[in-house]
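Report on the following structure.
There are 2 protein chains.
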Amino acid sequence: MTTIRIVSKLAGVSTATVSRTLKNPQLVSPDTRQRVMQAVQSAGYRPNQLARNFSSGKAYAVVVLVPNVANPFFSRVIRGIEQEAQACGYAVLLGDTQGSVSREQEYARMGLTSQADGLIQLDSRYPFSPEDRELASTVPFVNACERITEPAGYPVVELDNRGAARALTQHLLDLNLKRLAVITGPAHSPIVRDRLAGTQDALLGAGLTLDPAAVVAGDFSMQSGHDAAAQLLQQPQRPQAIFCMNDEMAIGAMSCIRKHGLRIPQDIAIAGFDNIEYAGFTEPGLTTIDQPAEQLGRQAMRALYQLMQGTPLAQQHMMLPYRLVVRDSTAAITDKK
Amino acid sequence: MTTIRIVSKLAGVSTATVSRTLKNPQLVSPDTRQRVMQAVQSAGYRPNQLARNFSSGKAYAVVVLVPNVANPFFSRVIRGIEQEAQACGYAVLLGDTQGSVSREQEYARMGLTSQADGLIQLDSRYPFSPEDRELASTVPFVNACERITEPAGYPVVELDNRGAARALTQHLLDLNLKRLAVITGPAHSPIVRDRLAGTQDALLGAGLTLDPAAVVAGDFSMQSGHDAAAQLLQQPQRPQAIFCMNDEMAIGAMSCIRKHGLRIPQDIAIAGFDNIEYAGFTEPGLTTIDQPAEQLGRQAMRALYQLMQGTPLAQQHMMLPYRLVVRDSTAAITDKK
DNA sequence: ATGAAAGCGCTAACAT
DNA sequence: ATGTTAGCGCTTTCAT
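Protein sequences, first through last, are from chains A and B.
Going by our numbering, the first residue of the first sequence is number 17, and it counts up by one from there.
Going by our numbering, the first residue of the second sequence is number 17, and it counts up by one from there.
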């Protein structure tokens, strides 16, 4: 391996000068600079990044904790993170936690062992145990897309979930769909609560309330959406519309509804959340809330970067705007009964 | 930061003993081991991984080059890689290249600067330029899911693409669907050629040939599948079945076909490739080839691990088995005309 | 503008 | 079984 020493010999200068030439060329006379660059070239020298990092005490890497990379929404967020990270000179270490706390801990620990300079958590847990206080107080941390269940002053980058759910529900009410059902995510999730609150907001404004029996929890998977819909269809009064808290559950629900021989949206309207790419290609197209996934990721990475730089954040809580996307899965009920 | 020196003082031993206690406890007497562990505990010591890596000259990290993490197939492959990597004690650096050669190069370079110990390329390019010869000859490399266009002896982990396409085509022929069309991926891709060859194999076996006008290239996106289908439907003789080289294009094609007022599979059958989760929830369910995505990833990582260990690989070319998944998007044509 | 030299924290060869 | 010590390759004072 070509080291800085070899290059320094080649150029007839000290290693310090080589280092300077590479990182602060303006500190070196044009003449030597020339000579050094020459030597670097001919030796095919590449600074050992491992040594650089060690010497500077920084890893130039961040860990992204994600429950599942294969989730189409998260993978877009990660793309955004990755783009911004590259722009900031950081590498992204993938921490697919599979929802397991011990894996979260294991990855988060990389922050304590200097393998990573910061953490982005896309789930709602943090810190993971009392012993993690060290972690929490030492390692730059940003929460994105979710919100830590027990808030403790970490920066958060999220969608206006409540506003989005309110707008979506209002859209359904405007179509005169009053008997609503909701397929939620895990009940402990703060964003699930936010979205539920938004739905309540809109209903309240219309003098309506949500029947507790019409709220079923899924786990954000297609299958769970399918199963939850089956449960809703068994109830005596069929809902006129189902708001699913992500597109995948909506897709599962649609498949279930079709199996029951019902038409969407004539018999029952369906709405999702996220606006994943498939949402535009379902039959019928899925009405949903568009989340700026890549932008959420970029924003989170930018905030983390500032934290790592020691720059104070302008705001701890960043809320990005949603966009209601109306497609054909929602329409006014035609057969009044 | 707590260093090994502090711990050694605390335990009244040398740093070497601390190091040994942590990595090779059996080399240390039970007594001192006890004392050292005690000191480690009370000091809350965590070995600096950056220093460890630097000292050992290994980063314990691999770079995964992927055109797009948000692709549902790739993200599953990456999950598999990640799982196996963690089991081997390696971290995964995400290299979303967005299909750009310069980003590929930039990430691959991490192999040369010791930031990564190995590379997994999920696309078909490598090495990226003549100057990359150094890379190619120095850094452990595995190719997965694709095949380097100009083969040069790198390990490959892939599906039996040709066999899969042959089986799928045979399935269509068995349904008496003879007028086939194909929506391919980019023409330069080796796996596209393999799949095309597989289709030809089956057709040839039935004494049929593929009409060149019935082969349209997409780019693996839903929209491109949609557009390619539109093109196919314009032709004088409508195909009886369309084989799409991934599920997303199949989904796009299905949406286009519905827009034309045609029924699937009665008027036209559709088949995909990959068996992404959504394939089970389309209307009708999509007949496709199941790829063991996670397993492809795990296998690739295992091969890379062996390479990094210097263990010779049992075989350079690993071919994983496909599985034909028949759903409702393919059926014998009912209205003979 | 440049060089000498002291680390960064850990590992491992060598000595005891 | 344990300690001493010399690095790993680079950065960064501190001199000159």
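Virtual Cβ for every residue (Gly too), placed ideally from N, Cα, C.
The structure presented is a predicted model; accordingly, all values stated were derived computationally and were not measured.
For glutamine 251 of chain B and lysine 353 of chain B, the rounded distance between their alpha carbons: On the second sequence, position 337 is the one that residue 353 of chain B refers to. On the second sequence, position 235 is the one that residue 251 of chain B refers to. Here lysine 353 of chain B scores only 46 on pLDDT, less than 50, and its place in the model should not be relied on; the value that follows carries that caveat. Their Cα atoms are separated by approximately 17 Å.
Backbone CA spacing between aspartate 139 of chain B and glycine 111 of chain B [nearest angstrom]: Here residue 139 of chain B corresponds to residue number 123 of the second sequence, with the count starting at 1. Here residue 111 of chain B corresponds to residue number 95 of the second sequence, with the count starting at 1. Counting only the Cα atoms, glycine 111 of chain B lies some 12 Å from aspartate 139 of chain B.
Bounding residues of the alpha helix (DSSP H) (the contiguous stretch that carries phenylalanine 90 of chain A): Translated into the one-based positions of the first sequence, residue 90 of chain A becomes position 74. For phenylalanine 90 of chain A, the enclosing alpha helix (DSSP H) has its first and last residue at 88-104.
Where the alpha helix (DSSP H) containing leucine 212 of chain A begins and where it ends: Walking along the first sequence from the start, residue 212 of chain A turns up at place 196. Element bounds for leucine 212 of chain A: 206-221.
CB of valine 155 of chain A within 7 Å of CB of glycine 115 of chain A, strictly: Walking along the first sequence from the start, residue 155 of chain A turns up at place 139. Walking along the first sequence from the start, residue 115 of chain A turns up at place 99. With respect to the 7 Å criterion, valine 155 of chain A and glycine 115 of chain A are not classified as neighbours on the basis of their beta carbons.
Completely contained alpha helix (DSSP H) runs for the region 33-59 of chain B, where each covers 4 or more residues: Qualifying alpha helix (DSSP H) stretches, in chain order: 46-59.
Chain-ordered chain A contacts of asparagine 69 of chain B [CB-CB under 7 Å]: By one-based count along the second sequence, residue 69 of chain B stands at place 53. Within chain A, the residues near asparagine 69 of chain B are Leu66.
Alpha-carbon spacing of methionine 334 of chain A relative to glutamate 174 of chain A, whole angstroms: Looking up residue 334 of chain A in the first sequence gives position 318. Looking up residue 174 of chain A in the first sequence gives position 158. Methionine 334 of chain A and glutamate 174 of chain A: Cα-Cα distance of roughly 6 Å.
9 Å Cβ cut-off: residues of chain B touching tyrosine 321 of chain A: The residue given as residue 321 of chain A occupies position 305 in the first sequence. Under the 9 Å cutoff, chain B gives no residues; its nearest Cβ is about 17 Å from tyrosine 321 of chain A.
Partners in chain B for phenylalanine 144 of chain A, counting only beta-carbon separations shorter than 9 Å: As a position in the first sequence, residue 144 of chain A is number 128, starting the count at 1. Scanning chain B for C-beta atoms nearer than 9 Å to the C-beta of phenylalanine 144 of chain A yields nothing, as the closest lies near 16 Å away.
Partner residues on chain B for proline 63 of chain A, Cβ-Cβ distance less than 7 Å: Within the first sequence, residue 63 of chain A is the residue found at index 47, counting from 1. Within chain B, the C-beta atoms nearer than 7 Å to that of proline 63 of chain A come from Thr129, in chain order.
Min CB distance glutamate 299 of chain A to chain B below 7 Å: Along the first sequence, read from residue 1 onward, the residue named residue 299 of chain A stands at position 283. Chain B places a beta carbon closer than 7 Å to that of glutamate 299 of chain A, counting this residue as a contact.
Beta strand (DSSP E) segment containing threonine 200 of chain A, residue limits: In the first sequence, counting from the first residue as 1, residue 200 of chain A sits at position 184. Its beta strand (DSSP E) spans residues 196-200.
Glutamate 174 of chain A in three-state terms, based on DSSP: In the first sequence, counting from the first residue as 1, residue 174 of chain A sits at position 158. Per DSSP, reduced to three states, the secondary structure at glutamate 174 of chain A is strand.
N- and C-terminal bounds of the beta strand (DSSP E) containing glycine 134 of chain B: If you number the second sequence from 1, residue 134 of chain B lands on position 118. From DSSP, the beta strand (DSSP E) with glycine 134 of chain B extends over 134-137.
Proximity to glutamate 122 of chain A [Cα-Cα], best of B/Ala107, B/Asp148, B/Phe90: Residue mapping note: residue 122 of chain A aligns to position 106 of the first sequence, counting from 1. Out of B/Ala107, B/Asp148, B/Phe90, B/Ala107 has the C-alpha closest to the C-alpha of glutamate 122 of chain A.
Neighbour-count burial assignment, valine 117 of chain B, 16 or more Cβ in a 10 Å radius: Locating residue 117 of chain B in the second sequence gives position 101, counting from the first residue. By the neighbour-count rule (16 or more Cβ atoms within 10 Å), valine 117 of chain B is not buried but exposed.
Through-space distance from leucine 191 of chain A to isoleucine 354 of chain A, alpha-carbon basis: Here chain A comprises residues numbered 17 to 353, so residue 354 of chain A is not present and cannot be evaluated.
Cutoff 7 Å: methionine 317 of chain A Cβ touching any chain B Cβ: For this step, residue 317 of chain A is matched to residue 301 along the first sequence. No, methionine 317 of chain A lies away from the interface with chain B (no Cβ there is under 7 Å from its Cβ).
Whole-angstrom distance between proline 171 of chain A and alanine 330 of chain A, CA atom to CA atom: For the purposes of this step, residue 330 of chain A is taken as residue 314 along the first sequence, with counting starting at 1. For the purposes of this step, residue 171 of chain A is taken as residue 155 along the first sequence, with counting starting at 1. Their Cα atoms are separated by approximately 10 Å.
Nearest neighbour of glycine 214 of chain B, chosen from B/Glu162, B/Phe259, B/Gln307 [CA to CA]: Numbered from its first residue, the second sequence carries residue 214 of chain B at position 198. Checking every option, the nearest Cα to that of glycine 214 of chain B belongs to B/Phe259.
One or two residues paired with alanine 107 of chain B in a DSSP bridge: Position 91 of the second sequence, counted from the start, is the residue given in the question as residue 107 of chain B. Residue pairing by DSSP places alanine 107 of chain B opposite B/Ala77 in a beta bridge.
Top-ranked residue by Cα proximity to alanine 132 of chain B, from A/Tyr142, A/Leu109, A/Pro143: Residue 132 of chain B sits at position 116 when you count from the first residue of the second sequence. A/Leu109 is the residue among A/Tyr142, A/Leu109, A/Pro143 whose C-alpha sits nearest the C-alpha of alanine 132 of chain B.
Leucine 220 of chain A, buried or exposed, once every other Cβ within 10 Å from all chains shown has been counted against 16: By 1-based counting over the first sequence, the position of residue 220 of chain A is 204. By the 10 Å Cβ count, leucine 220 of chain A comes out exposed.
Exposed unless 16 or more other CB atoms sit within 10 angstroms - verdict on aspartate 47 of chain B: Position 31 of the second sequence holds residue 47 of chain B. Around the beta carbon of aspartate 47 of chain B, fewer than 16 other beta carbons sit within 10 angstroms, so the residue counts as exposed.
Outcome for histidine 242 of chain B when other beta-carbon atoms lying within 10 angstroms are tallied against a minimum of 16: Locating residue 242 of chain B in the second sequence gives position 226, where the first residue counts as 1. By the neighbour-count rule (16 or more Cβ atoms within 10 Å), histidine 242 of chain B is buried.
Per DSSP, the bridge partner or partners of leucine 312 of chain B: Counting from one through the second sequence, the residue named residue 312 of chain B turns up at place 296. BP columns for leucine 312 of chain B are empty, so no partner.
Proximity of arginine 343 of chain A and glycine 288 of chain A at Cβ, strictly below 7 Å: Translated into positions along the first sequence, residue 343 of chain A becomes position 327. Translated into positions along the first sequence, residue 288 of chain A becomes position 272. If you check the CB distance, arginine 343 of chain A and glycine 288 of chain A do not come in under 7 Å.
Neighbour flag for aspartate 133 of chain B against chain A, beta carbons, 7 Å: One-based indexing of the second sequence puts residue 133 of chain B at position 117. Taking Cβ atoms only, chain A never reaches closer than 7 Å to aspartate 133 of chain B, which makes this a no.
Chain B contact for methionine 265 of chain A (CB, 7 Å cutoff): Position 249 of the first sequence holds residue 265 of chain A. Not closer than 7 Å to any Cβ of chain B, the Cβ of methionine 265 of chain A fails to qualify, so no.
Amino acids of chain A, ordered along the chain, whose beta-carbon sits closer than 7 Å to that of proline 88 of chain B: For the purposes of this step, residue 88 of chain B is taken as the residue at position 72 of the second sequence. Here the neighbours are Ala86, Pro88.
C-alpha gap between isoleucine 292 of chain A and glutamine 256 of chain B, whole angstroms: To locate residue 292 of chain A, count along the first sequence from 1; it is residue 276. To locate residue 256 of chain B, count along the second sequence from 1; it is residue 240. Isoleucine 292 of chain A and glutamine 256 of chain B have their C-alpha atoms roughly 30 Å apart.
Assigned secondary structure, alanine 348 of chain B (DSSP; H/G/I helix, E/B strand, else coil): Position 332 of the second sequence, counted from the first residue, corresponds to residue 348 of chain B. Looking at alanine 348 of chain B - three-state DSSP - the assignment turns out to be coil, as it is neither helix nor strand.
Arginine 279 of chain B classed as buried or exposed, judged by whether at least 16 other C-beta atoms fall within 10 angstroms: Your numbering for residue 279 of chain B matches position 263 in the second sequence. Exposed: under 16 other Cβ atoms inside 10 Å.
Chain B residues whose Cβ lies nearer than 8 Å to that of glutamate 150 of chain A: Taking the first sequence and counting its residues from 1, one reaches residue 150 of chain A at position 134. What glutamate 150 of chain A touches in chain B: Gly60.
Beta-carbon gap between alanine 285 of chain A and leucine 193 of chain A smaller than 7 Å: Indexing the first sequence from 1 puts residue 285 of chain A at position 269. Indexing the first sequence from 1 puts residue 193 of chain A at position 177. Yes, the pair counts as a contact, with Cβ atoms nearer than the cut-off.
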